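Input: a single structure, listed below in structure tokens.
Number of protein chains: 4
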Amino acid sequence: MPRTEEQNEKIKNERKQQILNAAMLLFSKQNPAEVSIAKIAKEAGVSKGLMYSYYESKEHLQKEIVFQCMDEIMSIFQMDKGAFVDAQDFRERIDRLFDHVQNNITTWSIYTQLLMQPSMKEVFMSPKVLEMMEDYQRQLYQYMTNQGFEDPEKEIVIMGALIDGISVQYVSAPEFIDLNVVRNHIKDVYGKEN
Amino acid sequence: MPRTEEQNEKIKNERKQQILNAAMLLFSKQNPAEVSIAKIAKEAGVSKGLMYSYYESKEHLQKEIVFQCMDEIMSIFQMDKGAFVDAQDFRERIDRLFDHVQNNITTWSIYTQLLMQPSMKEVFMSPKVLEMMEDYQRQLYQYMTNQGFEDPEKEIVIMGALIDGISVQYVSAPEFIDLNVVRNHIKDVYGKEN
Amino acid sequence: MPRTEEQNEKIKNERKQQILNAAMLLFSKQNPAEVSIAKIAKEAGVSKGLMYSYYESKEHLQKEIVFQCMDEIMSIFQMDKGAFVDAQDFRERIDRLFDHVQNNITTWSIYTQLLMQPSMKEVFMSPKVLEMMEDYQRQLYQYMTNQGFEDPEKEIVIMGALIDGISVQYVSAPEFIDLNVVRNHIKDVYGKEN
Amino acid sequence: MPRTEEQNEKIKNERKQQILNAAMLLFSKQNPAEVSIAKIAKEAGVSKGLMYSYYESKEHLQKEIVFQCMDEIMSIFQMDKGAFVDAQDFRERIDRLFDHVQNNITTWSIYTQLLMQPSMKEVFMSPKVLEMMEDYQRQLYQYMTNQGFEDPEKEIVIMGALIDGISVQYVSAPEFIDLNVVRNHIKDVYGKEN
DNA sequence: CATGAATGAGAGTTCATTCAT
DNA sequence: CATGAATGAACTCTCATTCAT
């Protein structure tokens, strides 16, 4: 009784996720360039050969990881739900973001590490990502304007720098960094009820 | 007749700098782990073998670069000159920092890239660096207090996140980022004359 | 469909033996330290990389060879069969030993060469080898006493020196050395019927 | 005031000996193939470059060492003094030999190690060495005949094997081997007064 | 769909040797 | 005569990738 197409698809997706998880775990502990395909395969519990049924090459695997991280991170702001409706919505999204950083340090660690690499610039500059960015900018601009800021663009830059800065510090040395200082600061400054 | 001690010293220094420059150039364009000794040697115009007269191993070369970057960056704030005396001094130091980021993007790119790597944690946690950090914290704390901030520690965190965040963004995509927004914001907020 | 465990095992054993044979052949013709992994791989008809699937390192390969030679040589005296029962048994064992030297000059050449190297002392001093040596001493002591020798320990030393000396000479220049002179001398002196 | 030709010659010889001694010291502790020219130069207190004023290559240095060892060893028997005149003379020469082994374990260790190497066969087979060997054989044959041995050739083989065997054992593990057992045995058997 | 033996290019590293000084 | 910076070939070893099974 051969497996149905559907079952196969399911198995494939599970395997793919297995491999991705294994890779992410190892990448978070060591420079991806120093993690061998063999180690990932072992960690994922599959054979070396099988890796290439799911990922064309090591480079592709790395890029897919960055994309997945990006998707995950972007989804936090729930851009699909439309613009930030009000200050409460804004504060909730900020909380979701900071919670995510705190609870998914592995994801963020890999994401930061990989994004720092010049070779990943093309991922960063892909249409898909750029579009997301623009959406994010537009919605935030709208919100900042509503909040009465004189120079919304400036505030977006400041807020972005704050978030990126504290995240980078946090993944580098989570034991020394308290995310809440910045979290609260952002909520105070940008999430005030009118 | 053999070269004098002096002549040898001079040659060695020149060669060492040559290699360092080549390595930094390449590291800024590609993940250091993926830059081979052969490539660095070629870029520096020396033989592969000679690399090992000047650097015990690739790892040592990498670490020396991080340390050098760190020294350079730390020296910007001129902690040796003592605490920030007044707002003007503060603003000058901030300017020096931002100028440095802008003019030494290579240094900052490598520095950020390497520091993101788990294996570099030990460099970051070395006594020398930690001591510098503490100095920096202490002097800034003093300054923030003088400026009349209620919660100086919080302000240090915020300012640090801002600087790190904008720097990371800048080295990732200098063509899209305008450092001056954050530079002026910091000078406005923290560098006001009393 | 993947190969069965059994098939893999078989392949691995064959390959391992192939490599061992190649290494021994080359080691017998040249100082092992001067025989490169590449040469061994070529002689064995496998790729350089594959060598490391079977032997962790060159050092491991060398040591495995010494151990194998040692086992082979030790097994000649068939210590497991118990003490030398009588003069005929003694003579038979001596013959087996000399036949082995004559027919396995490669083994003996490597063995002698490697054992001369200071770094191999640890192999020589391993518990397993030392135990075998003691067994050998004990059994020979018993036999020499039975044969009526006044100073059995002395005879053991003399006989050992004779065997080692002629073996070393033989592997150095087999075309000049006639093993039988010493073989017969030992059988005459120590293998007389009571 | 330039050095005279004579002084230069003296300096050269001293330097040469310096290098030789350094090399022998290191070779006795490590497989010659693993001792670098740099290490020898350092041990000898000269520059790497100078090594090549005295020895054409590493190989030549090694061969010169074997030759020197051989000369030293051969001189012990004082073949130049002519045949063994009587049993006392024989016993004295045997004593000189065993004393030398005991007091110059470094020399013997290198000598044995190097002679075991197939590449050194040519040294062993050189006319000079072969001639020495023949002299030794002839003189010993004469002596053994005088001593009344029926088969002098056989006795020469036996004695040679004994000496080589115990020497090899001694340099391999001096702490376990008592040279005197064989020394006395040889003097007893072959050095009896008629 | 799954395996892991096998490959080969290239990595880091060492070292005998050369040669400008 | 003496130095040691410099070279380049060769070394040990790793690893992404392939493919027979």
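For the record, the sequence lines run as chains A, B, C and D. Be aware that the first sequence starts at 1, since it is given in the working numbering, and climbs by one per residue. Be aware that the second sequence starts at 1001, since it is given in the working numbering, and climbs by one per residue. Be aware that the third sequence starts at 2001, since it is given in the working numbering, and climbs by one per residue. Be aware that the fourth sequence starts at 3001, since it is given in the working numbering, and climbs by one per residue. Backbone N, C-alpha and C fix where the C-beta goes; we use that ideal spot for every residue, glycine too. Note that this is a predicted model, so its numbers are computed, not measured.
For I2094 (chain C), the enclosing alpha helix (DSSP H) stretches over residues A2087 to N2103. Within its own chain, no residue has a Cβ closer than 7 Å to the Cβ of E2014 (chain C) once the five positions on either side in sequence are excluded. Taken through DSSP and simplified to helix, strand or coil, Q1113 (chain B) comes out as helix. In this structure, DSSP gives T2107 (chain C) a helical state, which the three-state scheme calls helix. Here the segment 120-128 of chain A lies against the segment 61-74 of chain A, with 3 or more beta-carbon pairs under 8 Å apart.
Taking 8 Å as the threshold, the shortest C-beta distance from D2135 (chain C) to chain D does not fall below it.
Taking CB atoms only, P1174 (chain B) has no neighbour in chain A less than 8 Å away. Contact residues of the segment 1158-1169 of chain B toward chain A are I1158, G1160, A1161, L1162, I1163, D1164, G1165, I1166, S1167, V1168 and Q1169 (C-beta to C-beta distance below 9 Å).
A direct Cα-to-Cα measurement between Y136 (chain A) and Y1170 (chain B) gives close to 19 Å.
Collapsing the DSSP output to three states places I1177 (chain B) in coil. DSSP places Q2017 (chain C) inside the alpha helix (DSSP H), whose first and last residues are E2005 to K2029. Sequence-distant partners of R183 (chain A) (beyond 5 residues in either direction) whose C-beta falls short of 6 Å from its own C-beta, in its chain, are F98. The beta carbons of I3073 (chain D) and G3191 (chain D) sit no closer together than 8 Å. Straight through space, the alpha carbons of M159 (chain A) and L1162 (chain B) are spaced by roughly 8 Å. Rounded to the nearest angstrom, the gap between the Cα atoms of K2058 (chain C) and L1061 (chain B) is 28 Å. Counting C-beta atoms within 10 angstroms of its own C-beta, Q1088 (chain B) has fewer than 16 neighbours from the protein chains shown and is therefore classed as exposed. Boundaries of the alpha helix (DSSP H) harbouring V1066 (chain B): K1058 to I1076, taken from the DSSP string. Taking a beta-carbon distance threshold of 8 Å, P1118 (chain B) counts as an interface residue toward chain A.
An exposed status is given to Q3017 (chain D), since fewer than 16 other beta-carbon atoms sit within 10 Å of its beta-carbon.
Separation of the CB atoms of L26 (chain A) and K10 (chain A) is rounded to 25 Å, and the pair is thereby denied contact status at 8 Å. The three-state secondary structure of N1194 (chain B), taken from DSSP, is coil. Of all residues in the segment 1020-1036 of chain B, the ones placed with a Cβ closer than 7 Å to any Cβ belonging to chain A are K1029, Q1030, N1031, A1033 and E1034, in chain order. Taking a Cβ-Cβ cut-off of 7 Å, V2123 (chain C) has no neighbours in chain D, whose nearest Cβ is about 12 Å from it. Of all residues in the segment 2074-2102 of chain C, none places a beta-carbon less than 7 Å from a beta-carbon of chain D.
Rounded to the nearest whole angstrom, the C-alpha separation of E1056 (chain B) and A3044 (chain D) is 24 Å.
When only Cα atoms are considered, P2032 (chain C) and S2119 (chain C) end up about 12 Å apart.
By the neighbour-count criterion, in which a residue is buried when 16 or more other Cβ atoms sit within 10 angstroms of its Cβ, V2085 (chain C) is exposed. Identification of residues in the segment 3176-3187 of chain D having a C-beta nearer than 7 Å to some C-beta of chain C yields V3181, V3182 and H3185, given in sequence order. Interface flag for L3115 (chain D) against chain C is set, since a Cβ pair is found closer than 8 Å. Identification of chain D residues near K2042 (chain C) by a Cβ-Cβ cut-off of 9 Å yields none; the smallest Cβ-Cβ distance measures about 19 Å. It is roughly 8 Å from the alpha-carbon of M1051 (chain B) to the alpha-carbon of I1019 (chain B).
Under the three-state reduction of DSSP, S2167 (chain C) is assigned to helix.
For the segment 3122-3158 of chain D, the full-length alpha helix (DSSP H) segments reaching 4 residues or more read 3127-3146 along the chain. Under the 10 Å beta carbon count, D2164 (chain C) is surrounded by 16 or more other beta carbons and is classified as buried. The beta-carbon separation of R3096 (chain D) and K3187 (chain D), rounded to 12 Å, does not stay under the 8 Å limit for a contact.
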